[in-house]
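Down below is the structure, laid out as structure tokens.
Residue numbers (this note's numbering): 1055 to 1166.
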């Protein structure tokens, strides 16, 4: 599993140490990957600041051949899917996936 975040690597490392998930966290602060998947909210503006792009929390499940099996997207950028729900959905849709995948193993952080 790979999670793409708009945070920087130094911001993701404490998260990875805290949660210890068996997942690769990919830092994408320039939103390059988010643009490729068209999961951006354009013209978002913080309380005090200019308009900017904002990543939309989206879960995309692909099979080994790259086919999209499931997409979940929220309209509220503060809402994230729960890891256990995502893992359950992945296990249901990917019956050949390793059965030892849990939300509490090792985590790796890298840059996009």
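Backbone N, C-alpha and C define an ideal beta-carbon position, used for all residues, glycine too.
Quiz item: Cβ of residue 1128 within 7 Å of any heavy atom in the ligand ADP?
Solution: No copy of the ligand ADP appears in this structure; indeed no ligand is present at all.
Exercise. Report the three-state DSSP secondary structure of residue 1071 (helix, strand or coil).
Key: helix
Quiz item: Over what stretch of residues does the beta strand (DSSP E) that includes residue 1058 continue unbroken?
Solution: 1056-1059
Practice problem: Within its chain, find whatever has a CB closer than 8 Å to the CB of residue 1116; leave out the 5 residues flanking it on each side and keep chain order. | Solution: Within the same chain, residue 1116 has close Cβ partners 1122, 1123.
Quiz item: Can residue 1131 and residue 1104 be called in contact, C-beta distance under 8 Å?
Solution: no
Quiz prompt | Span of the alpha helix (DSSP H) around residue 1114 | solution = Looking at the DSSP string, residue 1114 is not in any alpha helix (DSSP H); the run it does join, the beta strand (DSSP E), is 1112-1116.
Self-check item: residue 1164 versus residue 1114: straight-line alpha-carbon distance, rounded
Solution: 19 Å
Quiz item: Does the separation of the CB atoms of residue 1081 and residue 1061 fall below 8 Å?
Solution: Closer than 8 Å, so yes.
Quiz item: Using CA coordinates, which residue listed in 1128, 1118, 1127, 1134 is at the minimum distance from residue 1149?
Solution: 1118
Exercise. Return the first residue and the last residue of the beta strand (DSSP E) that residue 1107 is part of.
Key: 1106-1109
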